[in-house]
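**Q** This is the structure, below, for whatever I ask next.
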Amino acid sequence: MAFPQPRPLAPQLPQLLLRTVDCQQGAVRAVRFNADGNYMLTCGGDKSLKLWSVSRGTHLKTYAGHGYEVLDVDCSYDNSQLCSCSSDKTVILWDVGSGQVTRKLRGHAGKVNCVQFNEEATVMLSGSIDGTVRCWDTRSRRMEPIQILDEARDGISSLKVSEHELLTGSVDGRVRRYDLRMGQLHVDFVGSPITCVCFSRDGQCTLSSSLDSTVRLLDKSSGEMLGEYSGHVNKGYKLDCCLSDKDTHVLSCSEDGHVYFWDLVEGSLTLKLPVGKAVVQSLSFHPTEPRLLTSMEGCVQVWGAESEDAAVEDVKAE
239 MAFPQPRPLA
249 PQLPQLLLRT
259 VDCQQGAVRA
269 VRFNADGNYM
279 LTCGGDKSLK
289 LWSVSRGTHL
299 KTYAGHGYEV
309 LDVDCSYDNS
319 QLCSCSSDKT
329 VILWDVGSGQ
339 VTRKLRGHAG
349 KVNCVQFNEE
359 ATVMLSGSID
369 GTVRCWDTRS
379 RRMEPIQILD
389 EARDGISSLK
399 VSEHELLTGS
409 VDGRVRRYDL
419 RMGQLHVDFV
429 GSPITCVCFS
439 RDGQCTLSSS
449 LDSTVRLLDK
459 SSGEMLGEYS
469 GHVNKGYKLD
479 CCLSDKDTHV
489 LSCSEDGHVY
499 FWDLVEGSLT
509 LKLPVGKAVV
519 QSLSFHPTEP
529 RLLTSMEGCV
539 QVWGAESEDA
549 AVEDVKAE
């Protein structure tokens with residue numbers, strides 16, 4: 239006699255505020271988890287970068303070297319290096335331990351909106367308002383980029399790297415996917431200026447948010463629209479979107495002080511998370527757990543699916 243399989247548990251969503259961190263670095267332009275999710279990085283309007291412990295909310299180190307507000311940061315897979323970009327048109331490579339600037343790279347003609355390492359942290363890629371993506375060799379002493387991608391007709395607002403692929407979003411309303419192994423470029427026209435792009439965790443889809451207050455899920459290989467998610471407000475700011483750790487939900491910042499969660503498959507609004515009364519500028523989802531970072535004005539909020547006391551009790555019970 240066969241018993242029916244138990245229904246899988248609904249994915250837990252990080253809707254419990256664990257702590258608020260006052261970063262004391264002006265407006266927090268971006269907040270990011272590091273590769274394993276134990277630390278977070280904040281980009282400040284006061285030209286600084288800060289490294290924090292997520293579990294304790296304690297400040298560990300400040301990185302100062304940019305001449306204007308810092309707009310994005312990425313951490314290498316082994317946590318030894320950071321790369322950051324700024325409105326001062328530069329990209330900086332940092333040594334995490336010493337806090338020293340390893341390289342300061344100039345070449346962009348305008349503010350640099352986004353930066354990311356490749357998986358081995360041998361290359362940094364930066365996207366600028368000047369419409370180009372520049373690829374920098376982190377191991378060489380050369381100050382020139384090893385490659386410049388200039389297909390965009392307007393500023394690059396967002397980029398993501400995955401294995402041999404590069405995804406860019408531009409103010410010209412196009413999502414471009416470069417297959418670096420095959421030397422191919424795939425372009426999807428959305429029509430509204432793109433504010434953020436990312437790959438799904440399984441690598442099969444791309445997600446993009448744009449200034450028509452819509453987040454779109456596209457099939458990576460065919461460009462077919464798989465889902466449209468709306469209800470949030472995104473009309474004037476460069477806001478982040480992302481997928482949850484298990485690709486079950488689509489998340490977006492909003493100008494109305496909330497983070498919106500939609501069911502990926504059904505497209506229905508699952509959760510409208512109240513963060514505060516200002517614009518939620520940036521968010522970052524933990525790589526493996528239901529944890530979320532959000533930034534609003536000068537503070538960062540850490541969200542979890544359960545209180546940390548309960549998590550500790552669970553560990554003790556095991």
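When we follow our numbering, the leftmost residue of the sequence shown carries the number 239, and every step to the right adds one.
Every residue gets a Cβ at the ideal spot worked out from N, C-alpha and C, and that includes glycine.
(1) Run through DSSP, which three-state label would Asn272 get?
(2) Identify, in the order they occur along the chain, each residue of the same chain with its Cβ nearer than 6 angstroms to the Cβ of Val517, setting aside the five sequence neighbours on each side.
(3) Please tell me whether Leu397 and Gln354 are closer than 8 angstroms, where the distance is taken between their beta carbons.
(4) Kindly give me the distance between the Cβ atoms of Asp333 and Gln319, rounded to whole angstroms, as I take these residues to be in contact under 8 angstroms.
(5) Is there contact between the segment 412–422 and the segment 376–383, where contact requires at least three CB pairs shorter than 8 angstroms?
(6) Do you know offhand how far Tyr315's Cα is from Pro525's?
(7) What do you get for Pro528, buried or exposed, if any count of 16 or more other CB atoms within 10 angstroms of its CB means buried?
(8) Who are the Cβ neighbours of Glu544 in its own chain at under 7 angstroms, not counting the five residues just before and after it?
(9) Measuring straight from C-alpha to C-alpha, what distance separates Val453 and Ser446?
(10) Take the Cβ of Val350 as the centre, count every other Cβ of all protein chains shown within 10 Å, and call the residue buried at 16 or more, exposed below.
(11) Quick check on Gly393: does DSSP put it in helix, strand or coil?
(12) Would the beta-carbon of Ser490 fall within 8 angstroms of that of Tyr498?
(13) Could you tell me the alpha carbon to alpha carbon distance between Ser395 and Ser448, rounded to whole angstroms?
(14) Let's see if you can read the secondary structure: which residues bound the beta strand (DSSP E) around Lys299?
(15) Where DSSP assigns a beta bridge to Gln385, which residues make up the other side?
(16) Taking the alpha-carbon positions, what's the Asp274 to Asp326 distance?
(17) Where does Pro252 land, buried or exposed, given buried means 16+ other C-beta within 10 angstroms?
(18) Per DSSP, what are the beta-bridge partners of Ser451 in this structure?
(19) Could you say which of Val435, Thr532, Cys321 lies nearest to Thr376 if we only look at CA atoms?
(20) Based on the DSSP output, what are the partners of Pro512 in its beta bridges?
(21) Counting only runs of 4+ residues fully inside the segment 331–365, write out the alpha helix (DSSP H) ranges in chain order.
(22) Quick one, which of Asp392, Asp388, Thr360 has its alpha-carbon nearest Glu402's?
(23) Is Val503 buried or exposed, if buried means 16 or more other CB atoms sit within 10 Å of its CB?
(24) Candidates Val471, Ser482, Val513: which alpha carbon is nearest Arg439's?
(25) Quick check on the burial criterion: 16 or more other C-beta atoms within 10 angstroms. Buried or exposed for Gly335?
(26) In the DSSP assignment, find the beta strand (DSSP E) that holds Asp410 and state where it starts and stops.
(27) Using a Cβ-Cβ cut-off of 7 angstroms (strictly less than) and excluding sequence neighbours within five positions of Leu298, which residues of its own chain qualify?
**A** Let me lay it out:
(1) Within the sequence shown, residue 272 is the residue found at index 34, counting from 1. DSSP places Asn272 in coil when its eight states are reduced to three.
(2) Along the sequence shown, one-based indexing puts residue 517 at 279. Tyr475, Glu493, listed in sequence order.
(3) Numbered from its first residue, the sequence shown carries residue 397 at position 159. Numbered from its first residue, the sequence shown carries residue 354 at position 116. Yes.
(4) In the sequence shown, the residue the question calls residue 333 occupies position 95. In the sequence shown, the residue the question calls residue 319 occupies position 81. Contact holds; Cβ gap of about 7 angstroms.
(5) no
(6) By 1-based counting over the sequence shown, the position of residue 315 is 77. By 1-based counting over the sequence shown, the position of residue 525 is 287. Each residue's Cα considered, the two are about 12 angstroms apart.
(7) Here the question's residue 528 lines up with position 290 in the sequence shown. By the 10 Å Cβ count, Pro528 comes out buried.
(8) Position 306 of the sequence shown, counted from the start, is the residue given in the question as residue 544. Closer than 7 angstroms at the Cβ level, and outside the excluded window around Glu544, lie Leu254.
(9) Sequence index remark: in the sequence shown, residue 453 carries index 215 (1-based). Sequence index remark: in the sequence shown, residue 446 carries index 208 (1-based). Roughly 6 angstroms between the two C-alpha positions.
(10) In the sequence shown, residue 350 corresponds to position 112, counting from 1. With 16 or more Cβ atoms within 10 Å of its Cβ, Val350 is classed as buried.
(11) Reading the sequence shown from its first residue, position 155 is the one you call residue 393. Of the three classes helix, strand and coil, the one that applies to Gly393 here is coil, per DSSP.
(12) To locate residue 490, count along the sequence shown from 1; it is residue 252. To locate residue 498, count along the sequence shown from 1; it is residue 260. Yes, these two residues count as a Cβ contact at 8 angstroms.
(13) Stepping through the sequence shown from its first residue, residue 395 is reached at position 157. Stepping through the sequence shown from its first residue, residue 448 is reached at position 210. In a straight line, the C-alpha of Ser395 is about 10 angstroms away from that of Ser448.
(14) Here residue 299 is taken as the residue at index 61 of the sequence shown, counted from 1. 297–302 is the span of the beta strand (DSSP E), which, as asked, contains Lys299.
(15) Residue numbering aside, residue 385 sits at position 147 when the sequence shown is read from its first letter. Answer by DSSP bridge pairing, in chain order: Cys373.
(16) Translated into positions along the sequence shown, residue 274 becomes position 36. Translated into positions along the sequence shown, residue 326 becomes position 88. If you take the alpha carbons of Asp274 and Asp326, they lie about 29 angstroms apart.
(17) Counted from its first residue, the sequence shown places residue 252 at position 14. Label assigned to Pro252: buried.
(18) On the sequence shown, position 213 is the one that residue 451 refers to. DSSP, once it has assigned bridges, lists no residue as partnering Ser451.
(19) Taking the first residue of the sequence shown as position 1, residue 376 is located at position 138. For the residues Val435, Thr532, Cys321, the minimum Cα distance to Thr376 belongs to Cys321.
(20) On the sequence shown, position 274 is the one that residue 512 refers to. Paired residues: His496.
(21) none
(22) Working through the sequence shown from its first residue, we reach residue 402 at position 164. The sequence given here has His at residue 402, not Glu. The candidate whose alpha carbon is nearest that of His402 is Thr360.
(23) For this step, residue 503 is matched to residue 265 along the sequence shown. Exposed: under 16 other Cβ atoms inside 10 Å.
(24) Here residue 439 refers to the residue found at position 201 of the sequence shown. The option with the nearest alpha carbon to Arg439 is Ser482.
(25) As a first step, residue 335 must be located in the sequence shown, where it is residue number 97. Per the 10 Å Cβ criterion, exposed.
(26) Indexing the sequence shown from 1 puts residue 410 at position 172. Per DSSP, Asp410 belongs to no beta strand (DSSP E) and is neither H nor E.
(27) Locating residue 298 in the sequence shown gives position 60, counting from the first residue. Only Leu289, Trp290, Ser291 meet the Cβ criterion.
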